[in-house]
Each structure stands twice: as C-alpha cells, then as structure tokens.
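Below is one structure, written out as structure tokens; the observations come after it.
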Amino acid sequence: MAVRIVNVVGLFVIFGLCSALALGDQDEKDLNFLDSIKNLEAFQDAEIQDQVLVLWPNPETQNFLDFERVSKALCAQRARNKFLVIWLMDSVHFRSTKEYRMIESVNCLGLEAE
Numbered sequence: 422m423a424v425r426i427v428n429v430v431g432l433f434v435i436f437g438l439c440s441a442l443a444l445g446d447q448d449e450k451d452l453n454f455l456d457s458i459k460n461l462e463a464f465q466d467a468e469i470q471d472q473v474l475v476l477w478p479n480p481e482t483q484n485f486l487d488f489e490r491v492s493k494a495l496c497a498q499r500a501r502n503k504f505l506v507i508w509l510m511d512s513v514h515f516r517s518t519k520e521y522r523m524i525e526s527v528n529c530l531g532l533e534a535e
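Each residue of the sequence shown is one higher than the one before, counting from 422 in the numbering used here.
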C-alpha cells in the first residue's frame, strides 16, 4: 500500500512539475521558474543561491517525493535558470528543530554525463 502511495505521489509531482515548467514557457503566463516550482503541492519554497537550486518540500509529502525523477526534470532547466546543483532540504526536521539539514544533493552536470 505504501509503495502504491509513493508511486502515485511521484507521478503527480512529475506531471505537475512538467506542466508547470511548460506553462513557464508561454508568454501569457507570468510565472517564472521558481514560482512554477512553488506552485506545486510538493514544494513549499524554492530559491537559487550561488548557482544552487534550494528546494523545501511540503512536509506532508516529503517522504513520498521521488527526488531522482524531479531532479532530472529540473536539471534540464539548469542552463536557462543558472544553477548547477540542487539541494533538497529536510522541511520536517527544520519545522521541529529550526536547524537546516539537507536530504539529498544532485550535481546537474553529473546527470548530463550519464
């Protein structure tokens, strides 16, 4: 049952991310890259600092997020949006302790080499 939930949430995140990024390409939509990520239910916040895309997932869906698939979709946008690395932060830990903790880091240049 848990695997099915993870797969369903992962599919919704990927579909929503691809749809949001596609909308960002349309001139009539005034969404930029970061806003398109923030508008997804899977993420609460996103920012780019020193060529790092920092993602804060929704604490309720954080454990179900398929970060490998999401990072591949986001890394495809790296050159246009000027980031090289993606950090997925631990929102659950931050809410309970106010301490920053990274769950995972992806080097987008490394994904291109695969």
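For glycine and all other residues, C-beta sits at the position ideal for the given N, C-alpha and C.
I need the straight-line Cα distance from residue i to residue j, nearest angstrom please.
i      : j      : result
Glu520 : Leu509 : 14 angstroms
Ser526 : Val506 : 7 angstroms
Ala372 : Arg516 : Because the chain here runs from 422 to 535, residue 372 falls outside it and cannot be looked at.
Asp511 : Asp487 : 14 angstroms
Cys496 : Thr518 : 30 angstroms
Phe504 : Ile469 : 7 angstroms
Leu455 : Asn479 : 15 angstroms
Gly445 : Trp477 : For Gly445, the predicted model reports a pLDDT of 46, less than 50, meaning its position is unreliable; a value from the coordinates is still stated below. Cα-Cα distance, rounded: 20 angstroms.
Ala467 : Ser457 : 10 angstroms
Would you mind working out which of the options sits nearest residue i, comparing C-alpha positions?
i      : options                           : result
Val522 : Asn528, Cys529 and Val513         : One detail in the question is off: residue 522 reads as Arg in this sequence, not Val. Of the candidates Asn528, Cys529 and Val513, the one whose C-alpha sits nearest the C-alpha of Arg522 is Val513.
Gln498 : Val473, Glu462, Asn460 and Ala463 : Val473
Gln483 : Ile458, Asn528, Phe464 and Gln470 : Phe464
Leu532 : Asp466, Val475, Ile458 and Lys493 : Lys493
Asn453 : Asn502, Asp471 and Val491         : Asn502
Three-state secondary structure (DSSP) at residue i?
i      : result
Ala494 : helix
Asp456 : helix
Leu505 : coil
Asn528 : strand
Leu432 : With a pLDDT of only 46 at Leu432, under 50, the local geometry of the prediction cannot be trusted, and the value read off the model is given with reservation. The answer is helix: DSSP assigns Leu432 an H, G or I state.
Can you tell me which residues form a DSSP beta bridge with residue i?
i      : result
Gln470 : Val473
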